[in-house]
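Visitor: Below you will find the structure I want to go over with you.
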Amino acid sequence: MPEKLIQLVPPQVLHEASGKAFQLRLRHFFETYRNTDSLSPPELSDLLQSGVLEWLSDSATLRAWMWSISRLAFALRSGGVSIAVDTLDHLRVDKPHKSRVSELLYWQLLGIVVGQALHKGVSFSVSSQIPPPERIQLDKFGKLELLLDRPVGAYSLRCQDGVLIFSSPGMSLKLDAPSSKRTQNYRFTPLHWVTPEVYLAYDNDALCRPFFQPLPMLVGNEENRRLEEQISRCWTALNTSDIDGVSHVLALCESIIGLVSLTESIGSASREEALGLVFLPAGTDDINVGECLLHEGLHQLLFRIEEAADLFTPDTSKGENFYSPWRTDGRPLRMVFHGAFVFSGIASMHLHLQQSMNPDLKGSLEEAFRRMEQSALAMETVRRHAQLTPVGMKVAAAIDAQIESVRGQLPTNYESVREAIRKRPHDFPVLLV
236 MPEKLIQLVP
246 PQVLHEASGK
256 AFQLRLRHFF
266 ETYRNTDSLS
276 PPELSDLLQS
286 GVLEWLSDSA
296 TLRAWMWSIS
306 RLAFALRSGG
316 VSIAVDTLDH
326 LRVDKPHKSR
336 VSELLYWQLL
346 GIVVGQALHK
356 GVSFSVSSQI
366 PPPERIQLDK
376 FGKLELLLDR
386 PVGAYSLRCQ
396 DGVLIFSSPG
406 MSLKLDAPSS
416 KRTQNYRFTP
426 LHWVTPEVYL
436 AYDNDALCRP
446 FFQPLPMLVG
456 NEENRRLEEQ
466 ISRCWTALNT
476 SDIDGVSHVL
486 ALCESIIGLV
496 SLTESIGSAS
506 REEALGLVFL
516 PAGTDDINVG
526 ECLLHEGLHQ
536 LLFRIEEAAD
546 LFTPDTSKGE
556 NFYSPWRTDG
566 RPLRMVFHGA
576 FVFSGIASMH
586 LHLQQSMNPD
596 LKGSLEEAFR
606 RMEQSALAME
616 TVRRHAQLTP
626 VGMKVAAAID
636 AQIESVRGQL
646 PTNYESVREA
656 IRKRPHDFPV
666 LLV
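Using the numbering used here, the letters of the sequence shown map in sequence onto residues 236 to 668.
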């Protein structure tokens, strides 16, 4: 397993440091955007003065919301002539007046705050005169759908010991457990938790948006239940090693959405705009899902390192594209570096699974060799063209150590693996140059 990469920065330490940095970023965000046209409800000041920023924590849904607000604010400052469609592509606007967009964005924030309060067991209450949307996404808790009309009036949400009491004109409800409920007034759908840290986000409008992923996304409780079981199997198999930190890397994939293939194979993806959001292939075998899960976890790890420190000096080219062993098109140096980081870890994963003869995930020496060689090629490109910062040099050293660790454990199989690759040139063309 990718112990050299994990030892670079212990994921738990990085998670704590990232959480503190996010708190600072969150405060700066509200100082910048409160009372702007994108976030103008007067009730926002009362919400912020309630102390919510003391315990509100990082999440993919919160980051996606912040990204939408900042994009909308930028467009409005520019005159609002051309608001990018991806800025608000997740909103269901239920009233035709202009201020409704800002109101809906405010209610999205309330859903994030209330959901996290329920998830953490924090006591919290908030009231609003603004009619809520039909669907309220409660971050890390579930989705509440209001089935009655929602007139102007007093709306109250109170959280106490993980229980939500919601009052509105003509309706009152109590959610005392994260289980499915339906009445003539409302419907509640809880999250599908894969582990205590990771859930399926297929029903989260803020994350299931075309800008984040244009490929078809898997919906439906039954099929997502199967995907949940598959990810859980892979999670368990990947954590059978004695390497500390693997579970923390995987847990960085906080919100997972399944993708449906339009071709024979499909990969995975992460979104930096909503760090923690990961797309995994559905309807494929366990080894592919397991590899994609670790792949995205390592991307998430490096993304968080990048939030703390630059990897490249200002002298490094940002506009050029360079050869990448994993793509037919050129890629920026940053993503070539990311590829070397991630696939050196995948090489280690295949080697570990093959050596341990794991019955659930079967590793491949061919894949270990291929990913190792590809990562080495990518590092040659990075060193030839990039100027690395001290932190970037430490990341590069960890990648080199991971590559050498894999290479050092292939002595008896090295030539046989190379011969197997030579017999399949269409699968491994770049390694036969």
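Idealized CB from N, CA, C, for every residue including glycine.
#1: For L379, I'd like the list of residues in its chain whose CB is within less than 7 Å of its CB, leaving aside the five on either flank, ordered along the chain.
#2: Could you give the DSSP three-state label for G554: helix, strand or coil?
#3: Specify, as a first and last residue, the run of the beta strand (DSSP E) that P625 falls within.
#4: Please say whether P516 and G525 have beta carbons closer to each other than 8 Å?
#5: For the alpha helix (DSSP H) containing G493, name the first residue and the last one.
#6: If the criterion is Cβ atoms closer than 8 Å, does the pair Q351 and K375 meet it?
#7: By how many angstroms is the C-alpha of P560 removed from the C-alpha of P664?
#8: Drop a sphere of 10 angstroms on the beta-carbon of F359, count the other beta-carbons inside from all chains shown, and report buried for 16 or more, exposed for fewer.
#9: Using the three-state DSSP reduction, which class does S391 fall into: helix, strand or coil?
#10: May I have the straight-line CA-CA distance separating A310 from P331, to the nearest angstrom?
#11: What's the C-alpha gap between A575 and S403?
#12: According to DSSP, S362 sits in a beta bridge with which residue or residues?
#13: Between the alpha carbons of A631 and R566, how many angstroms are there, rounded?
#14: Going by alpha carbons, who is nearest to F578 out of R618, D545, M614?
#15: In terms of residue numbering, what span does the beta strand (DSSP E) encompassing V398 cover?
#16: Identify the continuous beta strand (DSSP E) that holds Y341 and give its terminal residues.
#17: Thinking L537 and H573 are a contact (beta carbons under 8 Å), I'd like their distance in whole angstroms, please.
#18: Looking at C-beta atoms only, is the number of pairs between the region 479–497 and the region 243–253 that lie closer than 8 Å three or more?
#19: Secondary structure at V454, three-state DSSP: helix, strand or coil?
#20: Would L353 pass as a contact of L399 if the rule is Cβ separation under 8 Å?
#21: Check whether the Cβ atoms of A509 and L442 lie closer than 8 Å to each other.
#22: Considering just the uninterrupted stretch of the alpha helix (DSSP H) at L586, what are its terminal residues?
#23: CB C488 to CB E531, shorter than 8 Å?
#24: Less than 8 Å between C-beta atoms, sequence neighbours within five positions excluded: which residues of the same chain meet that for L497?
#25: Which residue's Cα is closest to the Cα of D396: K409, G388, I365?
Guide: Taking the definition as stated:
#1: Stepping through the sequence shown from its first residue, residue 379 is reached at position 144. Here the set comprises I371, L373, Y421, F423.
#2: By 1-based counting over the sequence shown, the position of residue 554 is 319. When secondary structure is reduced to three states using DSSP, G554 falls in the coil class, being assigned neither helix nor strand.
#3: The sequence position of residue 625 within the sequence shown is 390, counting from 1. From DSSP, P625 is part of no beta strand (DSSP E) but of the alpha helix (DSSP H) over 625–643.
#4: Along the sequence shown, one-based indexing puts residue 525 at 290. Along the sequence shown, one-based indexing puts residue 516 at 281. Not closer than 8 Å, so no.
#5: What you label residue 493 is simply residue 258 of the sequence shown in a count that begins at 1. Counting along the chain, G493 falls outside any alpha helix (DSSP H), though it belongs to the beta strand (DSSP E) covering 490–494.
#6: For the purposes of this step, residue 351 is taken as residue 116 along the sequence shown, with counting starting at 1. For the purposes of this step, residue 375 is taken as residue 140 along the sequence shown, with counting starting at 1. In contact: Q351 and K375 (Cβ atoms closer than 8 Å).
#7: Here residue 664 corresponds to residue number 429 of the sequence shown, with the count starting at 1. Here residue 560 corresponds to residue number 325 of the sequence shown, with the count starting at 1. Reliability of the predicted coordinates at P664 is poor, the pLDDT of 48 falling under 50, and the value obtained from them is presented with this limitation in mind. Separation of P664 and P560 (C-alpha to C-alpha, rounded to the nearest whole angstrom) is 10 Å.
#8: On the sequence shown, position 124 is the one that residue 359 refers to. If you draw a 10 Å sphere on the C-beta of F359, you find 16 or more other C-beta atoms in it, and that means buried.
#9: The residue given as residue 391 occupies position 156 in the sequence shown. Here S391 sits in strand by DSSP.
#10: Counting from one through the sequence shown, the residue named residue 310 turns up at place 75. Counting from one through the sequence shown, the residue named residue 331 turns up at place 96. Cα to Cα, A310 sits roughly 20 Å from P331.
#11: Residue mapping note: residue 575 aligns to position 340 of the sequence shown, counting from 1. Residue mapping note: residue 403 aligns to position 168 of the sequence shown, counting from 1. In this model, A575 and S403 are separated by some 53 Å (Cα to Cα).
#12: Your numbering for residue 362 matches position 127 in the sequence shown. According to DSSP, S362 bridges with S391.
#13: In the sequence shown, residue 631 corresponds to position 396, counting from 1. In the sequence shown, residue 566 corresponds to position 331, counting from 1. Going from the Cα of A631 to the Cα of R566 covers about 18 Å.
#14: Residue 578 sits at position 343 when you count from the first residue of the sequence shown. Selected option, being the one with the closest Cα: M614.
#15: Locating residue 398 in the sequence shown gives position 163, where the first residue counts as 1. Taken as a continuous stretch (DSSP letters only), the beta strand (DSSP E) holding V398 covers 398–403.
#16: Mapped onto the sequence shown, residue 341 falls at position 106. Y341 -> not in any beta strand (DSSP E); alpha helix (DSSP H) instead, spanning 334–355.
#17: Position 302 of the sequence shown, counting from 1, holds the residue named residue 537. Position 338 of the sequence shown, counting from 1, holds the residue named residue 573. With 8 Å as the limit, L537 and H573 qualify as a contact, their Cβ atoms being about 6 Å apart.
#18: Verdict: yes, contact present.
#19: Here residue 454 corresponds to residue number 219 of the sequence shown, with the count starting at 1. In the structure shown, V454 sits in coil (DSSP, three-state: anything other than H, G, I, E or B).
#20: Position 118 of the sequence shown, counted from the first residue, corresponds to residue 353. Position 164 of the sequence shown, counted from the first residue, corresponds to residue 399. With respect to L399, L353 sits close: the two C-beta atoms are nearer than 8 Å.
#21: Position 274 of the sequence shown, counted from the first residue, corresponds to residue 509. Position 207 of the sequence shown, counted from the first residue, corresponds to residue 442. Yes, the Cβ-Cβ distance between A509 and L442 is below 8 Å.
#22: Position 351 of the sequence shown, counting from 1, holds the residue named residue 586. Following the DSSP letters along the chain, one finds L586 inside the alpha helix (DSSP H) bounded by residues 568–591.
#23: Counting from 1 along the sequence shown, the entry for residue 488 is found at position 253. Counting from 1 along the sequence shown, the entry for residue 531 is found at position 296. Between C488 and E531, the CB-CB gap stays under 8 Å.
#24: The residue labelled residue 497 in the question sits at position 262 within the sequence shown. L450, P451.
#25: Taking the sequence shown and counting its residues from 1, the one referred to as residue 396 is at position 161. Cα-wise, what sits closest to D396 is K409.
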